[in-house]
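Undergrad: As they're listed, the protein sequences go chains L and S.
As numbered in the working numbering, residues 1001 to 1086 make up the first sequence, in order.
As numbered in the working numbering, residues 192 to 1001 make up the second sequence, in order.
No residue lacks a Cβ here, since even glycine has one placed at the ideal position from N, Cα and C.
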Amino acid sequence: SPSRNVFTNHWAVRITGGREEADKLASKYGFTNLGQIGGLDDHYHFHHSRVVRRSTFVTKGTHSFIHLDPKVHWIQQQVVKSRVKR
Amino acid sequence: YARNDLNFVYFNDPKWSNMWYIHCNDKNSRCRSEMNILAAWQRGYTGRNVVVTILDDGIERNHPDLAQNYDQLASYDVNGNDYDPTPRYDSSNENKHGTRCAGEVAAVANNSHCIVGVAYNARIGGIRMLDGDVTDVVEAKSLGIRPDYIDIYSASWGPDDDGKTVDGPGPLAKQAFEMGIKKGRKGLGSIFVWASGNGGRQGDHCSCDGYTNSIYTISVSSSTENGNKPWYLEVCSSTLATTYSSGEFYDRKIVTTDLRQRCTDGHTGTSVSAPMVAGVIALALEANPLITWRDVQHLLVKTSRPVHLKANDWKTNAAGHRVSHLYGFGLVDAEAMVVEAKKWKNVPPQHTCTKMSDRRTRYIRADQKLNATITSTGCGEKADQHVVYLEHVVVRVLIVHPRRGDLEISLISPSGTRSQLLARRLFDNSNQGFRNWEFMTVHCWGEKAEGQWTLEISDSPSQLRNPEVLGKLKEWTLILYGTSQHPYHSHGSQHSRSRMLEIPDPSPTQDLRSPEPSQGPPEHEEEEEEEYNGTCDSECGDQGCDGPDADHCLNCIHFSLGNLKTGRTCVSHCPLGYFEDTEARRCRRCHRGCERCVGRNSNECLSCRRGLFFYVEDNACVEACPAGYFADDGQRRCMKCHENCLTCVRDSDRCTACNDGFRLAGMTCVPECGNGTFFNLEEMKCSPCHMSCSTCTGPRMEECLQCAQDFLQQDWRCVQTCSPGYYEGEAAGYPQRICRKCEDNCLRCQGPGASCTQCKDGYNLVSRTCILNATCNNADEVFCEMVKSNRLCEKKLFRQFCCKTCLMAG
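Rendered as structure tokens:
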């Protein structure tokens, strides 16, 4: 059977306008901006402490409206990836 | 087989004798040293100044075999979001994996502890990222840490090797790989080394792992000591090279560092192969730091060899490379790598030529083969995409199928090289098919791109299936990577055949040790002359010669070297170990230990013989450098430590003690930051703590070590007033006031013990204690008397025991 996704309370977001813009947008929807993702320009790591840490379904709430914000070019709720040590 | 090496290097590390894959230790028998690591060391390459990091569950940075080479700047804890990759310890030692891999790369040599790493002078770091939820963000962050500082990223993990998973990097991790190869190492490209999977027993195929299957990773598989396929090994066409690893119980194993400062020779699987290759690449990068990520792959293709590795599918492709689905191009050869790297010129730019099939759906009928073809010109019509000589070939497929595991896919190149992109996987029952999955092969490396490419798909039902539901190939795309010019010929003849190894230059000092010029007899001693009428050597002076060579001169134009006992000769310049006495026209010997000098005295040296180091302050050659200097083996000089270091080893910035005002962070001296600041590793300067802290480890309020004045410590934070559920108190031996937790179930309190003033919902305040609402309701007078007479209400254990009832009852 196909494995079910496990959603986390972390998001990857692509926003132009720099760190300040990302911070503003994060706080607008209740997220914490944990900073740029590695060397990927305009990609930020957002965390939402009021969303359940692991869930098998997408939790809806006021934070969900960030998906509709015109300043957000792309957003992805992070899913747990099964990775094994070899 | 390689004969035992008579110039055997000995290390005092206790497991050195067990490291059969590096050297031969039994003088009477043959042994497996085809990886030629020892020979690469003997050429002087040990990974110096190359930075490797291990993406895993952390590394034990204070392990005695790692501490000296540990590099804080090549490390990060993505799980904990700090700079310390130390693994989380538990009773099962679950997080031993990264430490084991790290040792294989850069365990310190000759320190009487455990083992010797393949690149034992390389810097080693760890990125702790597997000890938590792994997401696309976590992977992308990990793959992109300090790309200009870290040269090689080694990963020995991946999606499940259960024979039914098809998974790979997400969009962010893919971008991180691309960013790494484009911008990492200041544009030369980060080098990602990956362990191919361990799913051999599950019939897994490493083409279903998008990490090993990526063109950006160097996928490494394993062989047993005897050249057999280990039970865990997966086949696939993207494997580039192989190292030894463990096999059956009777095969010898690999030894490496282990958690809790130990060593291990436990089963290693393919995990150890990635760091071994990372180590070999570190040796090659030391030989030539300017090689690109693609040069490294070319070097591996060119130098890896089938030797005695057993596989029934070894074939020679049209470019002359021997390749197998089990071992790629074969066992890595460290010596050939460094020799080739040393003289390597960068390969021409990589071009990509893409061609998509028509969008006609083709049905895949059971027990029949479906052939689909694409004819490629190698994009000759577009100069920036033109591929003549192939590197990687990728096939992106969109296949719908009722049982994915029944599929077998092969690709046949225009030259006739067949690569199996996918073998049947008995455990894969998925009906998801392959949705734009990319298969990759390296088997056509060096071949010509132009011509007809054939994709061959077979469907062999392994169990009863609905015969009416057919698989469909909806579309496929051929992506050819390579160069328009020949990767080697375009640079001239510097790319020799890899096995024609250069002979190391004999050390000048070795040649010059023997002539010990005597201090006694004069150089121009009278000798009986014989008649000689021929021409003299051009170095002979006006007195002529008694023979044709320079040692037949009767006097010299420039300098005479040697004496009667050892023989004398005329030279234009004095060799090393001598200085030129221009007045006497003689080569005079330097002070013992000097290689070049300006006079006989010990303080007139300019450089030193092997084993000694030139100390510039005294112009002398010393056995050990004084404090503030380190011994540079390459230059044989005492080099100054970094200005912040008090003492250092091997490099100016590998500090072992710091000057006043600085403290050690790993092996770097960072400023001791004043109160209210911390050392920010990102910005390399002292940055302010959060306003609530007086000392801290980072900028956030949770990173306080001590609180600022007027702040109280509450659960690792500093607060101005204690939160509900806490009361203000003092801690013994701790100058600062702290917030202590009230008793359980107490919402507000005035101090420790029974001092509650408000209870949580569901509790009642009785005698300044919170007790559960649900008390018994059947207490009679006798019972209450018993409770009261035994003063049970005063005993914490019995407070819930009808106390409220009794108290209410008076």
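What in chain L is Cβ-close to Pro338 (chain S), meaning under 7 Å?
TA: Residues of chain L passing the Cβ test: Gly1039.
Undergrad: Is the region 579 to 596 of chain S touching the region 366 to 383 of chain S in the sense that three or more CB pairs, one from each, lie closer than 8 Å?
TA: Touching, no.
Undergrad: Can you tell me the Cα-Cα spacing of Tyr261 (chain S) and Ala775 (chain S), whole angstroms?
TA: Cα to Cα, Tyr261 (chain S) sits roughly 54 Å from Ala775 (chain S).
Undergrad: Can you name, in chain order, every residue of its own chain whose Cβ lies under 8 Å from the Cβ of Gln559 (chain S), other than the five neighbours on each side?
TA: Within the same chain, Gln559 (chain S) has close Cβ partners Ser649 and Asp650.
Undergrad: Are the Cβ atoms of Leu476 (chain S) and Asp342 (chain S) separated by less than 7 Å?
TA: Yes, the Cβ-Cβ distance between Leu476 (chain S) and Asp342 (chain S) is below 7 Å.
Undergrad: State yes or no: is the C-beta of Trp535 (chain S) within less than 7 Å of the C-beta of Asn479 (chain S)?
TA: It is a contact, given that the beta carbons lie within the stated cut-off.
Undergrad: For chain L, find out if any of its Cβ atoms is closer than 7 Å to the Cβ of Ser347 (chain S); answer yes or no.
TA: Chain L contact via Cβ: present.
Undergrad: So what's Trp628 (chain S) in DSSP terms, helix, strand or just coil?
TA: Note: Trp628 (chain S) maps to strand in three-state DSSP.
Undergrad: How many whole angstroms separate the CB atoms of Ala811 (chain S) and Ser793 (chain S), which I take to be in contact at a CB cut-off of 8 Å?
TA: Correct: roughly 5 Å between the Cβ atoms.
Undergrad: Please list the terminal residues of the continuous alpha helix (DSSP H) segment that includes Glu1020 (chain L).
TA: It spans Gly1018 to Lys1028 - the alpha helix (DSSP H) in which Glu1020 (chain L) sits, taken as one unbroken run.
Undergrad: Go to Asp504 (chain S), then tell me how far its beta strand (DSSP E) extends in each direction, as first and last residue.
TA: Here Asp504 (chain S) belongs to no beta strand (DSSP E), and DSSP marks it neither H nor E.
Undergrad: What is the DSSP secondary structure of Cys812 (chain S), counted as helix, strand or coil?
TA: It is a strand residue.
Undergrad: Could you run through the region 1067 to 1084 of chain L and flag, in chain order, every residue whose CB is less than 9 Å away from some CB of chain S?
TA: Here the close residues are Trp1074, Gln1076, Gln1078, Val1079, Val1080, Lys1081, Ser1082, Arg1083 and Val1084.
Undergrad: Return the chain-ordered list of same chain residues with a C-beta closer than 6 Å to the C-beta of Pro421 (chain S), the five sequence neighbours on each side being excluded.
TA: Contacts found: Ser413, Thr415 and Gly438.
Undergrad: Closer than 9 Å, Cβ to any Cβ of chain L: which residues of the region 368 to 386 of chain S, in chain order?
TA: So the list reads Met370, Gly371, Lys374, Gly375 and Ala386, given in the order they occur along the chain.
Undergrad: Just how far apart, CA to CA, sit Arg1083 (chain L) and Tyr806 (chain S)?
TA: Going by the C-alpha atoms only, they are around 52 Å apart.
Undergrad: At 4 residues or longer, and completely inside the region 318 to 383 of chain S: list those alpha helix (DSSP H) runs for me, N to C.
TA: List check, alpha helix (DSSP H) in window: 327 to 334 and 362 to 374.
Undergrad: Can you give the beta carbon distance from Ile670 (chain S) to Thr543 (chain S), rounded, assuming they're within the 8 Å contact cut?
TA: Going by Cβ atoms, the distance from Ile670 (chain S) to Thr543 (chain S) rounds to 6 Å, so yes, they are a contact pair.
Undergrad: Going along chain S, which residues have a C-beta under 8 Å from His1048 (chain L)?
TA: Near His1048 (chain L) there are no residues of chain S at all, since even the closest Cβ is about 13 Å away, more than 8 Å.
Undergrad: Report yes or no: do three or more beta-carbon pairs, one from the region 240 to 255 of chain S and one from the region 287 to 296 of chain S, lie closer than 8 Å?
TA: Output reads yes: the region 287 to 296 of chain S touches the region 240 to 255 of chain S.
Undergrad: Where Ser1049 (chain L) and Asn1009 (chain L) are concerned, what is the direct C-alpha to C-alpha distance, given to the nearest angstrom?
TA: For Ser1049 (chain L) and Asn1009 (chain L), the distance between alpha carbons rounds to 7 Å.
Undergrad: Buried or exposed: Glu716 (chain S), going by 16 or more other Cβ atoms within 10 Å of its Cβ?
TA: Confidence at Glu716 (chain S) is low in this model, with a pLDDT of 37, below 50, so its placement is unreliable and the value that follows should be read with caution. Exposed, since its Cβ has fewer than 16 Cβ neighbours within 10 Å.
Undergrad: Just reading off the alpha helix (DSSP H) that Thr494 (chain S) is part of, what are its end residues?
TA: Segment Trp484 to Thr494, the alpha helix (DSSP H) holding Thr494 (chain S).
Undergrad: Can you tell me which residues form a DSSP beta bridge with Leu613 (chain S)?
TA: Paired residue(s): S:Ile600.
Undergrad: Could you please give the first and the last residue of the uninterrupted alpha helix (DSSP H) stretch that includes Leu474 (chain S)?
TA: Taken as a continuous stretch (DSSP letters only), the alpha helix (DSSP H) holding Leu474 (chain S) covers Ser464 to Ala478.
Undergrad: Answer yes if the region 199 to 211 of chain S comes into contact with the region 442 to 449 of chain S, meaning at least three C-beta pairs across the two stretches below 8 Å, and no otherwise.
TA: A contact exists between the region 442 to 449 of chain S and the region 199 to 211 of chain S.
Undergrad: With the cut-off set at 7 Å, would you say Arg513 (chain S) and Pro497 (chain S) are in Cβ contact?
TA: Taking 7 Å as the Cβ cut-off, Arg513 (chain S) and Pro497 (chain S) qualify as a contacting pair.
Undergrad: If contacts are defined as beta-carbon pairs under 8 Å, then Arg791 (chain S) and Arg779 (chain S) qualify, I think. What distance do you get, rounded to the angstrom?
TA: About 6 Å; that satisfies the 8 Å criterion.
Undergrad: Going along chain S in order, which residues have a C-beta closer than 7 Å to the C-beta of Ala1012 (chain L)?
TA: Here the neighbours are Asp327, Val328 and Leu363.
Undergrad: My assumption, with CB atoms under 8 Å, is that Ser883 (chain S) sits in contact with Thr868 (chain S). Please give the rounded CB distance.
TA: No, Ser883 (chain S) and Thr868 (chain S) are not in contact; Cβ-Cβ is about 14 Å, not under 8 Å.
Undergrad: Pick helix, strand or coil for Asp575 (chain S), following the three-state DSSP scheme.
TA: Looking at Asp575 (chain S) - three-state DSSP - the assignment turns out to be helix.
Undergrad: What first and last residue would you give for the beta strand (DSSP E) that runs through Trp1074 (chain L)?
TA: Counting along the chain, the beta strand (DSSP E) containing Trp1074 (chain L) begins and ends at Val1072 to Val1079.
Undergrad: Using a Cβ cut-off of 7 Å (strictly closer), state whether Ala331 (chain S) contacts chain L.
TA: For Ala331 (chain S), the answer is yes, since a Cβ of chain L falls inside 7 Å of its Cβ.
Undergrad: Run down chain L in chain order and give the residues with a C-beta less than 8 Å from the C-beta of Gln905 (chain S).
TA: Neighbours of Gln905 (chain S) on chain L: none; closest Cβ ~18 Å, over 8 Å.
Undergrad: Can you find a C-beta in chain S that's less than 7 Å from the C-beta of Thr1056 (chain L)?
TA: No, because no Cβ of chain S sits closer than 7 Å to the Cβ of Thr1056 (chain L).
Undergrad: Could you confirm whether any beta carbon from chain S is found closer than 7 Å to the beta carbon of Lys1024 (chain L)?
TA: With 7 Å as the cut-off, Lys1024 (chain L) does not count as an interface residue toward chain S.
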